[in-house]
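Number of protein chains: 6
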Amino acid sequence: MNPVVIRTDKRAAPSDIAALAEVGVSTSHEAMGRTGLMKPYMRPIYAGAQIAGSAVTVLAQPGDNWMIHVAIEQVKPGDILVVACTTDNTDGMFGDLLATSLKARGGVGLVIDAGVRDVRVLKQMGFPVWSRAISAKGTVKATLGSVNVPVVCAGALVHPGDVIVADDDGVVVVPRREAATVAAIARKREALEEEKRRRLASGELGLDMYAMREGLAKAGLVYRDDEDE
Amino acid sequence: MNPVVIRTDKRAAPSDIAALAEVGVSTSHEAMGRTGLMKPYMRPIYAGAQIAGSAVTVLAQPGDNWMIHVAIEQVKPGDILVVACTTDNTDGMFGDLLATSLKARGGVGLVIDAGVRDVRVLKQMGFPVWSRAISAKGTVKATLGSVNVPVVCAGALVHPGDVIVADDDGVVVVPRREAATVAAIARKREALEEEKRRRLASGELGLDMYAMREGLAKAGLVYRDDEDE
Amino acid sequence: MNPVVIRTDKRAAPSDIAALAEVGVSTSHEAMGRTGLMKPYMRPIYAGAQIAGSAVTVLAQPGDNWMIHVAIEQVKPGDILVVACTTDNTDGMFGDLLATSLKARGGVGLVIDAGVRDVRVLKQMGFPVWSRAISAKGTVKATLGSVNVPVVCAGALVHPGDVIVADDDGVVVVPRREAATVAAIARKREALEEEKRRRLASGELGLDMYAMREGLAKAGLVYRDDEDE
Amino acid sequence: MNPVVIRTDKRAAPSDIAALAEVGVSTSHEAMGRTGLMKPYMRPIYAGAQIAGSAVTVLAQPGDNWMIHVAIEQVKPGDILVVACTTDNTDGMFGDLLATSLKARGGVGLVIDAGVRDVRVLKQMGFPVWSRAISAKGTVKATLGSVNVPVVCAGALVHPGDVIVADDDGVVVVPRREAATVAAIARKREALEEEKRRRLASGELGLDMYAMREGLAKAGLVYRDDEDE
Amino acid sequence: MNPVVIRTDKRAAPSDIAALAEVGVSTSHEAMGRTGLMKPYMRPIYAGAQIAGSAVTVLAQPGDNWMIHVAIEQVKPGDILVVACTTDNTDGMFGDLLATSLKARGGVGLVIDAGVRDVRVLKQMGFPVWSRAISAKGTVKATLGSVNVPVVCAGALVHPGDVIVADDDGVVVVPRREAATVAAIARKREALEEEKRRRLASGELGLDMYAMREGLAKAGLVYRDDEDE
Amino acid sequence: MNPVVIRTDKRAAPSDIAALAEVGVSTSHEAMGRTGLMKPYMRPIYAGAQIAGSAVTVLAQPGDNWMIHVAIEQVKPGDILVVACTTDNTDGMFGDLLATSLKARGGVGLVIDAGVRDVRVLKQMGFPVWSRAISAKGTVKATLGSVNVPVVCAGALVHPGDVIVADDDGVVVVPRREAATVAAIARKREALEEEKRRRLASGELGLDMYAMREGLAKAGLVYRDDEDE
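Residue numbers (this note's numbering), protein chains in the order written: chain A, 320 to 548; chain B, 320 to 548; chain C, 320 to 548; chain D, 320 to 548; chain E, 320 to 548; chain F, 320 to 548.
Quick look at the structure:
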């Protein structure tokens with residue numbers, strides 16, 4: 320790995336990004352055939368944020384946030400910074416100063432497979448972060464990494480320009496070229512869910528609504544009354 | 320294990336269930352002689368809920384929520400769905416559609432040794448969940464498990480009809496036949512605590528209130544002034 | 320280890336403790352040259368508390384809270400109880416009764432490398448706790464430990480009388496004799512950050528503000544336009 | 320839980336125990352319909368041992384091995400001691416002295432959801448142990464637990480007299496009354512595997528031997544040649 | 320993700336694969352600029368194996384080994400099967416029957432981000448496996464995944480045909496097109512290490528051999544004699 | 320923390336170090352009143368080594384082994400290098416070249432709260448290591464730490480010159496000034512154990528040998544025959 324910063328304009332269409340933000344993580348993930356999720360250890364620092372944006376990727380070294388400074392210059396309005404690390408690390412690579420800078424450049428959120436700090440201020444700023452840990456541990460600026468190269472972040476492959484969707488359920492990566500298709504499928508799925516929700520709320524069973532009884536019986540499911548006293 | 324669904328009417332008395340809901344997890348657990356707790360990795364998806372109900376148990380397969388659909392038919396008003404899994408798994412087996420259905424059948428909560436998703440909506444619905452993880456990971460409906468068999472959930476043995484008590488401190492299982500006794504002991508314990516709280520609040524030391532000084536001395540505890548500069 | 324309770328008056332100056340409370344964990348940690356942090360698994364039971372106080376230390380046994388009762392007698396107004404354990408343990412060693420007692424003695428918070436319970440009540444009381452776990456698991460009073468001896472708590476060395484600073488970012492230990500120096504450095508650091516925050520908010524890049532470009536180039540960082548279609 | 324020691328003669332038939340020892344963990348587990356396994360964190364302290372025996376169960380307190388001393392009196396030749404703990408704990412509750420005693424009473428192994436120590440000596444003695452951890456941490460003898468009550472050990476329910484099977488793959492619990500049936504099924508399964516092994520070794524594919532191709536196609540599996548350069 | 324099996328002939332040159340096997344994991348990883356490593360939780364089931372081979376990739380579902388059967392048909396002599404899973408899972412997806420089949424087709428090893436069983440037999444067969452866990456937990460054949468698609472396995476991106484190098488230090492992935500370059504760099508690195516090893520063995524310090532003293536001094540390192548009694 | 324290297328001659332008496340090596344970890348730990356143990360995640364890279372030596376301490380940065388090179392100059396014959404890290408890190412900071420150098424200077428082992436690599440060669444060299452992880456992950460030489468300052472390593476406080484005892488049970492730290500006392504107590508303890516071992520091997524119960532029956536009865540232990548069919 321030769322340290323490199325790639326300048327790129329690749330982004331998905333804003334309307335597709337907006338659509339994915341609206342449907343959220345679980346629906347986007349289902350619309351992709353159940354792929355693209357980051358590991359569930361990635362948690363928001365506060366509840367309630369739901370965003371989507373284009374990934375500016377960072378490959379950082381453990382305990383070192385130098386490349387985050389480098390990456391912010393590559394951020395365009397609406398982007399999300401995605402920080403992967405060359406090894407498992409929970410140090411607080413990002414705090415309120417970096418958030419101030421990232422926000423000033425138009426960045427709308429941070430996804431970091433490491434630690435974050437100043438979380439009270441970040442919440443006050445309304446700057447959403449999904450991270451592996453909250454940690455005050457300070458970092459150095461000593462070793463190069465890369466910006467806008469493909470990275471594996473929390474178990475998911477992220478290319479620069481991919482659409483990141485994040486909410487209280489976690490983080491999912493939608494490949495840039497699939498954003499339009501996924502957004503379309505996701506919207507259709509949501510529409511269908513509305514009708515299902517109504518039927519289930521009225522007391523109809525999923526067993527009947529999804530016509531599962533035959534399949535269960537064929538698979539060998541047996542019903543029995545409790546005879547035990 | 321032959322997959323089976325047991326139909327059962329076994330429930331503890333509603334008044335005992337209500338009493339256990341009122342005293343909460345820690346007191347119920349103490350009243351049982353410090354038994355019945357699930358592992359502390361079981362956390363509520365939002366703070367503040369405190370419930371009790373009768374367990375409808377599910378033994379699910381990893382990445383598969385088929386049996387949750389089956390189990391909902393067995394739920395009666397006031398019940399809590401308790402989902403164990405045949406192996407450690409964090410997939411999002413339960414979301415807002417299942418919650419809508421479970422709620423429509425009278426279910427008052429979910430305890431799941433796996434993942435849950437749509438947590439923002441669940442919170443809006445006021446549907447409480449205690450889970451091992453929050454994860455958007457979608458599941459299949461392919462392999463049978465069982466409903467209303469005894470299960471080990473998060474380290475605790477649960478029989479169908481046992482009383483589940485859950486609050487911000489975690490989840491405890493009160494065996495159905497012991498519910499009345501435990502409720503009675505718990506209430507007595509609570510009454511005693513009120514008096515203790517008053518005395519401690521006035522500055523009395525636990526050392527004196529519990530008469531510990533003699534026991535500590537006998538065990539060999541030594542007091543010394545700090546001589547170190 | 321012979322079980323012992325050390326009576327001590329060692330405390331840092333109240334003004335320094337107050338100053339550290341104001342700057343919080345991350346800044347105090349940076350001011351100490353990036354040392355003194357507890358592991359990031361130490362989390363507050365509710366968001367928003369930010370405190371500092373003098374450590375009264377406890378070395379407890381697993382599943383045993385006897386020494387916490389002993390320690391409360393040694394607490395003076397403004398102190399923080401710091402509980403270490405001789406092995407990894409998540410049992411609920413501390414609940415609302417102990418909090419009532421500790422608060423009555425002037426204690427302002429608890430830092431415990433074990434579990435805590437009654438967290439809903441603790442939140443209502445406004446009594447802040449940083450812990451390894453939330454667990455209803457009850458404990459015994461059977462085996463001696465020590466009070467006000469040096470302990471390793473969540474990876475950090477704590478001497479009695481050291482200043483504990485805790486907020487949403489975690490917990491840091493400032494050695495008693497260094498409190499004044501650290502407070503002074505921390506305040507200076509904060510003052511500098513204000514100016515940086517203003518510049519970053521106006522869109523200036525960290526790359527320029529910190530004059531990083533030359534160092535990055537010297538280290539070998541290369542910029543390249545995306546040629547990939 | 321009132322502390323109690325149950326004296327019991329319940330054991331499975333020696334021939335069934337011997338048969339289960341011979342087939343080992345994975346086959347026994349499959350013969351039970353894929354149930355009864357302890358969590359995979361239970362590992363042998365040395366490779367190569369493969370045993371079965373009747374469970375004498377212990378419910379211990381964290382950091383306390385008093386009840387192990389009590390339990391050894393209840394051990395009969397061929398038994399395996401199974402130690403569960405009321406909470407997660409890795410302390411070294413068992414070492415070479417206890418092993419000497421347990422062996423002298425006819426015990427053939429230990430399964431402990433906690434720590435073990437003196438592992439070099441245990442290996443020299445040829446005394447097999449499956450544990451959650453290896454730890455030198457010493458324990459006290461201060462708090463009662465129980466012997467020969469049902470316990471949950473490493474996620475599996477164990478009744479006194481159940482057959483424990485343990486080898487390099489882990490530990491499985493065969494309910495006493497099912498031992499004969501499981502042994503019979505397991506032997507049959509082994510016989511079938513011999514033939515399968517021969518065919519696979521000759522190069523026949525599982526796809527053909529198990530006739531999977533039709534099922535895969537029906538499920539929608541597609542084959543494609545790599546067109547990518 | 321539409322389930323798919325890609326048939327491909329892509330392989331690196333046998334001589335490069337052999338060279339990488341010879342230098343092993345740490346040297347290959349360094350030769351790649353410190354990239355390509357799987358997480359260190361991937362451990363060999365027995366010590367001493369050191370191999371390299373071309374990746375045939377599998378994306379499996381939790382608790383389901385259907386696609387491993389499918390994948391074996393795609394294995395050519397010298398290949399290594401690399402199994403990723405759509406979620407964290409430790410079930411025993413692979414045992415001695417599959418090993419017999421894989422070996423018969425020419426497969427030389429398995430890398431699996433899940434569990435493996437029958438480890439005693441696998442060791443006797445001399446069939447090396449690197450896995451996340453050892454577990455007897457049986458699996459089903461119910462849900463499709465894919466074969467020979469790019470996968471993220473234990474944190475590393477693997478394309479079909481990439482060279483997998485595995486030994487007691489772990490597992491590294493060398494992209495197919497970089498195999499020749501990496502092998503060349505690795506060999507050179509090894510040659511240099513021989514000379515370094517000789518000098519260090521003679522007592523020369525790394526401080527001098529690598530000429531570090533000036534850099535350390537410039538960075539601010541201070542030497543001091545211990546004045547403390 | 321200002322980076323510093325302390326030159327020191329402090330060592331315990333060679334005869335005490337030898338005695339501690341002979342009794343091993345568990346006995347030394349008991350002789351110290353059950354203190355001084357490192358966390359049980361510290362495991363030997365191969366079984367069977369049992370050593371003691373004087374600690375030369377290192378405080379390293381994550382992913383950075385610069386200070387290990389610095390520390391080797393401070394090692395005297397018989398010493399053990401003890402590497403702590405400012406944060407949790409598993410990178411392979413130490414391999415066969417450093418082992419060659421450390422051995423050439425008289426170092427007899429390594430205890431590292433991070434990763435180690437080249438483990439096959441280290442085993443061939445007979446150079447024992449206790450570590451948190453095995454990982455091929457390469458490190459940089461970019462950021463200063465300290466040598467021969469007090470460190471917290473794997474949960475234990477270590478001062479330069481303290482005696483480190485390590486074997487298959489783990490690692491324990493004996494403070495330099497207590498080495499003679501601890502060695503004496505440990506030897507006495509071992510002598511007593513010989514007699515106990517003989518009695519237990521002859522079938523005498525611990526219950527009787529330690530005269531536990533009265534204490535158990537007083538604590539409330541009840542014996543009952545199994546009445547259950």
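Glycine included, every Cβ here is placed at the ideal spot set by N, Cα and C.
Original post:
Buried or exposed: where does R517 (chain D) fall if 16 or more other Cβ atoms within 10 Å of its Cβ makes it buried?
Top reply: exposed
**OP:** Kindly say whether R353 (chain D), judged by its beta-carbon, lies nearer than 8 angstroms to any beta-carbon of chain E.
**Re:** yes
Subject >> Terminal residues of the alpha helix (DSSP H) in which L540 (chain D) lies >> reply: From DSSP, L540 (chain D) is part of no alpha helix (DSSP H); its letter is neither H nor E.
Original post:
Residues of chain C with CB under 8 angstroms from P322 (chain A), in chain order?
Top reply: A538, G539, L540, V541
Subject >> Cβ shell of H348 (chain C) (< 8 angstroms), same chain only, five flanking positions each side left out >> reply: T354, G355, L356, V491
Original post:
Would L535 (chain D) be called buried (16 or more neighbouring beta carbons within 10 Å of its own) or exposed?
Top reply: buried
Original post:
Roughly how many whole angstroms lie between the Cα atoms of G414 (chain F) and V435 (chain F)?
Top reply: 6 angstroms
**OP:** Go through its chain and collect everything with a Cβ distance to G367 (chain F)'s Cβ below 8 angstroms, but skip five positions before and after it.
**Re:** D487
Original post:
Once you ignore the five residues that flank V394 (chain B) on each side, which residues in its own chain have a CB closer than 8 angstroms to its CB?
Top reply: V375, L400, L421, R424, G425, G426
Subject >> Short CB-CB distance (under 8 angstroms) between D437 (chain B) and chain A >> reply: yes
Original post:
Just checking my contact of R508 (chain D) with A338 (chain D) at CB under 8 angstroms: how many whole Å lie between their CB atoms?
Top reply: Contact doesn't hold; Cβ gap of about 12 angstroms is too wide.
Original post:
Could one say the Cβ of R516 (chain D) lies closer than 8 angstroms to chain E's Cβ atoms, at least one of them?
Top reply: yes
Original post:
If you run the structure through DSSP and keep just helix, strand and coil, what is S450 (chain F)?
Top reply: strand
**OP:** Answer with buried or exposed for M386 (chain B), where buried requires no fewer than 16 other C-beta atoms within 10 angstroms of its C-beta.
**Re:** buried
Subject >> CB contact below 8 angstroms: E497 (chain F) versus chain E >> reply: no
Original post:
Do you know whose CA, among D:L429, D:V430, D:D432, D:I453, lies nearest R439 (chain D)'s CA?
Top reply: D:I453
Original post:
Do you know how far the Cα of P333 (chain B) is from the Cα of G474 (chain A)?
Top reply: 46 angstroms
Subject >> Pairwise C-alpha distance: I364 (chain C) and P396 (chain C) >> reply: 22 angstroms
Subject >> is_contact[E349 (chain B), chain A] using C-beta, thresh 8 angstroms >> reply: no
**OP:** Flag this pair as touching only if the region 461 to 470 of chain C and the region 530 to 544 of chain B have three or more C-beta atom pairs under 8 angstroms; answer yes or no.
**Re:** yes
Original post:
So which of D:D398, D:K358, D:Y360 has the shortest CA-CA distance to R495 (chain D)?
Top reply: D:D398
Subject >> Where L429 (chain D) falls: helix, strand or coil (DSSP) >> reply: strand
Original post:
According to DSSP, which residues form a beta bridge with D383 (chain C)?
Top reply: C:V459
Original post:
Which chain F residues are close to A433 (chain C), counting only those with a beta carbon under 8 angstroms from its beta carbon?
Top reply: What A433 (chain C) touches in chain F: nothing, since even the nearest Cβ is about 14 angstroms away.
Original post:
Mind checking if L526 (chain A) is an interface residue toward chain B, Cβ cutoff 8 angstroms exclusive?
Top reply: yes
Original post:
Taking C-alpha atoms, which residue in C:E546, C:R362, C:P479, C:A503 lies nearest to D544 (chain B)?
Top reply: C:P479
Original post:
Of all Cβ atoms in chain C, is any one closer than 8 angstroms to the Cβ of S345 (chain B)?
Top reply: yes
**OP:** May I ask which residues mark the beginning and end of the beta strand (DSSP E) holding M412 (chain A)?
**Re:** 411 to 413
Original post:
Is it right to say R451 (chain C) is buried, meaning 16 or more other beta carbons lie within 10 angstroms of its own, or is it exposed?
Top reply: buried
**OP:** Output the distance between the C-alpha atoms of T500 (chain A) and I370 (chain A), rounded to the nearest integer angstrom.
**Re:** 18 angstroms
**OP:** With a 10 Å radius around its C-beta and 16 neighbouring C-beta atoms as the bar for buried, classify M444 (chain C) as buried or exposed.
**Re:** exposed
Original post:
Taking buried to mean at least 16 other C-beta atoms within 10 Å of its own C-beta, is G352 (chain A) buried or exposed?
Top reply: exposed
Subject >> Segment limits, beta strand (DSSP E) that includes R353 (chain B) >> reply: Taken as a continuous stretch (DSSP letters only), R353 (chain B) belongs to no beta strand (DSSP E), as it is neither H nor E.
Original post:
Hey, does G489 (chain F) have any beta-carbon neighbour from chain C nearer than 8 angstroms?
Top reply: no
**OP:** Check distances from the C-beta atoms of the region 450 to 479 of chain C to those of chain D and list, in chain order, the residues that come in under 7 angstroms.
**Re:** K456, V459, A461, T462
**OP:** Report the option in E:S345, E:L441, E:R326, E:N467 whose CA atom is closest to the CA atom of V266 (chain E).
**Re:** The structure shown does not extend to residue 266 (chain E), since chain E spans only 320 to 548, so no value can be given for it.
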